[in-house]
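Worksheet for the structure shown next.
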Amino acid sequence: MIKAILIDDEPLARSIIAEYLGNYSEVSIVQECGDGFEGVKAITQHQPDLIFLDVQMPKINGFEMLELLETPPSVIFTTAFDEYAMKAFEAHAVDYLLKPFSKERFDKAIKKWMDSRGKSGEKKEVESLVETTIHSPEQHNRVVVKTGSKIRIIPMHEIHYLEADDDYVKIHTAEGSYLKKKTMGYFEEVLDKAHFVRVHRSYILQVQQVTRIEPYEKESHLAILKSGARIPISKTGYPKLKSILGI
Amino acid sequence: MPAQQITNTKMSLLIVFMWIVWACIQAWALAWSGFPVQTAVIDSLVSNGLLMGIGLAVRNMLRFYRPGRGKFFYIFAWNFFIAAIWVVAIKWALSQLITDPAYLIFLNKSLPVRFFIAFLMTGWMALIHWLLFTFEENRENEKRKADSDKLAKDAELYKLRQQLHPHFLFNSLNSISSLTGSRPEEARHMIQQLADFLRGTLKNDEKMLVSLEEELHYLQLYLDIEKVRFGHRLSTEIKTGEGSIQSQIPQMLLQPIVENAIKFGLYDTMGTVTISVNAVRENGQLAITIKNPFDPQTSQSRQGTGFGLNSIQRRLYLLYARKDLIVTKAEGNIFTTIVIIPQA
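Quick mapping for you: the protein sequence lines, in order, are chains A and B. Here the first sequence stands for residues 42 to 288, where the numbers follow this note's numbering. Here the second sequence stands for residues 15 to 358, where the numbers follow this note's numbering.
Here it is in structure tokens:
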């Protein structure tokens, strides 16, 4: 039995997928969710094989929801109109359906997924979507993190600094720090370059947080943040920080 | 340009009339100083007739070509030249027509005076017409500029009002597609609502004022469609105070504001969302308050975009030349948008 979950904030948008899926006796819909929070919970609980995911949803969008999953299932995106998203789909998703879609188009997407199933590397596709360099506008303004079962949305301006931590990035804020499975390169690209600067291979800091810069060992420096945190600045990071501060 | 033609004809007649008066004065002056009436009349007709011809020629020339500012010297030199030719011409013409020796002596002696009078007259004509035509041209330029400004403004207004979100359209079509299978009657109803709503947005006159009653009717069509899409999550409250429904409002102004409220209400919070619209008539203006819930914690980053109300603000500015007609405030978890529509 194939387990599927439908995630869309519009009930009628879910019901047409349910209707189309009615022809597939081997697929059972284990849950329908109205937002990404429910979606994360349901996916963790049911471990579905396939999800149908809307992009524009309350609180967190479809991309952000995927980021929160340790092992994302196969995804077929359903969306009305997202220029930025379409590029990402073309490159990485199993398939994407533009609303309103026909039964034929839907069947084609299912067939495509069925064919690719069993072939190795299918999971990788979704992960690479998470790492894609195309971001939704929301992703430039905030980071969505999960701590235990709680989901937190951190606006970019609340980030003090970021620290590399193996496969993760540790996000330091006034309330504490959160782990996010992303690369430093991702954040370097997505964060506002007028406010954030990568001062070290393992550190990105928000310039407004810097209170002082002290010399430290040979040719390197330390940035002292308002929170008291001491951030190493590398030889190459120092001129970048100086230019953004205008000194 | 019929109005322009009339003023040109009038102006020419005025010039001819003034010259006739001047010719009469000159004839009378010559007769009074002792010349026979016939001699006085011939002198006056020939010299003034020719001068009038020159004056009209100057006028016509200036209509099509005017030297720029700072080139008055050319006009001056040119007048001098014309006056000189005129003197030579009347000397020749009058000595052919009149043989009285006393008159011929007078003619020779009066040539310098006649020259200066002609010089002043043609100079005066040139100056008047230079000013007149320059003034006319400026006025026309200004009118053309105002016309093109108006066109640009109309185009911008049109564009601002046309901003129908494709999300809304495609998602509505998807809902209809879904209803077609399960509840065809409702699908048909929704198609009708969507069609009526789209027809409203396609109306061409963006400056047209409609009654609030009519505006709320379109808003209701939009809200009904959104309610089908979002089901139980969305509820709306519309209240109209006494006398407000007859107030005038630019058409399709409220829909984008409410669309914005719904967007932030539905995408920024979870659970059910109530959007309220409250219209009151006070101090001779219509005030409409739109409220939607939002999450102050996660919305901060969005506030920079003005909650998508910039295009409404621009439209109100173009229509009323005021920037204070839309006010927003966030209190607790309620976001409020107040729109003021001045009433004529």
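Backbone N, C-alpha and C fix where the C-beta goes; we use that ideal spot for every residue, glycine too. All values derive from a computational prediction rather than experimental measurement.
(1) For A/A121 and chain B, any beta-carbon pair shorter than 7 Å?
(2) Taking the alpha-carbon positions, what's the B/P307 to B/R213 distance?
(3) Exposed or buried, which one is B/N152 when buried takes at least 16 other CB atoms within 10 Å?
(4) Considering only residues of the same chain and omitting the five flanking positions on each side of B/S338, which have a CB-CB separation below 8 Å?
(5) With 16 other CB atoms within 10 Å as the buried threshold, where does A/G217 fall?
(6) Within 7 Å of any Cβ in chain B, is that where the Cβ of A/D76 sits?
(7) Given that B/Y88 touches chain A, what residues does it touch there, using C-beta distances under 8 Å?
(8) I'd like the span of the alpha helix (DSSP H) that includes A/D156, first residue to last.
(9) Below 7 Å between beta carbons: does that hold for A/L309 and B/S189?
(10) Using a Cβ-Cβ cutoff of less than 7 Å, which residues in the same chain neighbour A/S190 once the five nearest sequence positions on both sides are dropped?
(11) Would A/H201 pass as a contact of A/T214 if the rule is Cβ separation under 7 Å?
(12) Please state whether the Cβ-Cβ distance between B/L235 and B/Q207 is less than 7 Å.
(13) Show which residues of chain B have a CB atom less than 8 Å away from the CB atom of A/P99.
(14) Can you list, in chain order, the residues of its chain whose CB lies under 7 Å from that of B/A17, leaving out five sequence neighbours each side?
(15) Since A/L91 is in the beta strand (DSSP E), which residue starts that stretch and which ends it?
(16) Quick one: using the 10 Å Cβ neighbour count with 16 as the cut-off for buried, is B/N297 buried or exposed?
(17) Using a Cβ cut-off of 9 Å, which residues of the stretch 228-243 of chain A contact any Cβ in chain B, in chain order?
(18) Does any residue of chain A bring its CB to less than 7 Å from the CB of B/S186?
(19) For A/A298, count neighbouring Cβ atoms within 10 angstroms of its own Cβ and tell me buried if that reaches 16, exposed if not.
(20) If you draw a straight line from the C-alpha of B/T319 to the C-alpha of A/P178, how long is it?
(21) Go ahead and label A/R158 buried or exposed: buried means 16 or more other beta carbons lie within 10 angstroms of its beta carbon, across all protein chains shown.
(22) If we cut at 7 Å on Cβ distances, does A/I43 have a partner in chain B?
(23) In this structure, does DSSP put B/S192 in helix, strand or coil?
(24) My assumption, with CB atoms under 8 Å, is that B/N185 sits in contact with A/K140. Please give the rounded CB distance.
(25) Identify each residue in the stretch 126-158 of chain B for which the Cβ-Cβ distance to at least one residue of chain A is less than 9 Å, and report them in chain order.
(26) For the structure I just gave you, are there three or more beta carbon pairs, one from the stretch 33-41 of chain B and one from the stretch 51-62 of chain B, closer than 8 Å?
(27) Using only the alpha-carbon positions, how far apart do B/Q317 and B/T283 sit?
(28) Hey, is B/G346's beta-carbon within less than 7 Å of any beta-carbon in chain A?
(29) What does B/S191 touch in chain A if you count any residue whose Cβ is under 7 Å from its own?
(30) So which residues on chain A does B/R202 lean against when the C-beta distance must stay under 7 Å?
(31) Taking three-plus beta-carbon pairs below 8 Å as touching, is the stretch 69-84 of chain B in contact with the stretch 116-133 of chain B?
(32) Please list the residues of the stretch 179-203 of chain A that have a C-beta atom closer than 8 Å to any C-beta atom in chain B, keeping them in chain order.
(33) Residues of chain B with CB closer than 7 Å to the CB of A/P52, please, in chain order.
(34) Using 8 Å as the cut-off, can you tell me whether the stretch 256-271 of chain B makes contact with the stretch 222-233 of chain B, which would need three or more C-beta pairs spanning the two stretches below that distance?
(35) Compare the C-beta of B/P180 with all C-beta atoms of chain A and state if any pair is closer than 7 Å.
(36) Since B/Q206 is in the alpha helix (DSSP H), which residue starts that stretch and which ends it?
Well, looking at it:
(1) Yes, because at least one Cβ of chain B sits closer than 7 Å to the Cβ of A/A121.
(2) Answer to the nearest angstrom: the Cα atoms are 30 Å apart.
(3) So B/N152 counts as exposed.
(4) Residue identity check: residue 338 of chain B is Asp in the sequence provided, not Ser. So the list reads I354, once near-sequence residues are dropped.
(5) Around the Cβ of A/G217, a 10 Å sphere holds fewer than 16 other Cβ atoms; the residue is exposed.
(6) Chain B has a Cβ within less than 7 Å of the Cβ of A/D76.
(7) Proximity of chain A to B/Y88 at the Cβ level (cut-off 8 Å) is not reached, the minimal Cβ distance being about 58 Å.
(8) Here the alpha helix (DSSP H) through A/D156 covers 144-157.
(9) Coverage of chain A is limited to positions 42 through 288, which leaves residue 309 of chain A absent and any answer about it impossible.
(10) None.
(11) For the pair A/H201 and A/T214, the CB atoms are nearer than the 7 Å cut-off.
(12) It is a contact, given that the beta carbons lie within the stated cut-off.
(13) From the beta-carbon of A/P99, the residues of chain B found nearer than 8 Å are L280, Y281, D282, T283, M284.
(14) Unreliable positioning characterises B/A17 in this predicted model, as indicated by a pLDDT of 49, which lies under 50. A coordinate reading is not provided.
(15) Secondary structure note for A/L91: its beta strand (DSSP E) is the uninterrupted segment 91-95.
(16) By the 10 Å Cβ count, B/N297 comes out exposed.
(17) Contact annotation: in the stretch 228-243 of chain A, no residue has its CB less than 9 Å from a CB in chain B.
(18) With 7 Å as the cut-off, B/S186 does not count as an interface residue toward chain A.
(19) In the structure as shown, chain A starts at 42 and stops at 288, and residue 298 of chain A therefore has no counterpart that could be examined.
(20) Low confidence applies to B/T319: its pLDDT is 43, below 50, so where it sits in the model is not reliable, and the reading given next is rough at best. Their backbone Cα atoms lie some 12 Å apart in a straight line.
(21) Label assigned to A/R158: exposed.
(22) Output row for A/I43: interface = no.
(23) When secondary structure is reduced to three states using DSSP, B/S192 falls in the helix class.
(24) Contact flag correct, Cβ pair sits at about 6 Å.
(25) None of the residues of the stretch 126-158 of chain B has a beta carbon lying less than 9 Å from any beta carbon of chain A.
(26) Flag = yes, the stretch 33-41 of chain B and the stretch 51-62 of chain B touch.
(27) Its pLDDT being 46, under 50, B/Q317 is placed unreliably by the model, and nothing is read from it.
(28) With 7 Å as the cut-off, B/G346 does not count as an interface residue toward chain A.
(29) I57, P141, listed in chain order.
(30) None at all; the shortest Cβ gap to chain A is about 15 Å.
(31) No, they do not touch.
(32) Within the stretch 179-203 of chain A, those residues whose Cβ lies closer than 8 Å to any Cβ of chain B are, in chain order, N182, R183, I194, P196, M197, H198.
(33) Those are G245, listed as they occur along chain B.
(34) Yes, they touch.
(35) At a cut-off of 7 Å between beta-carbon atoms, B/P180 makes contact with chain A.
(36) In this chain, the alpha helix (DSSP H) harbouring B/Q206 covers 198-216.
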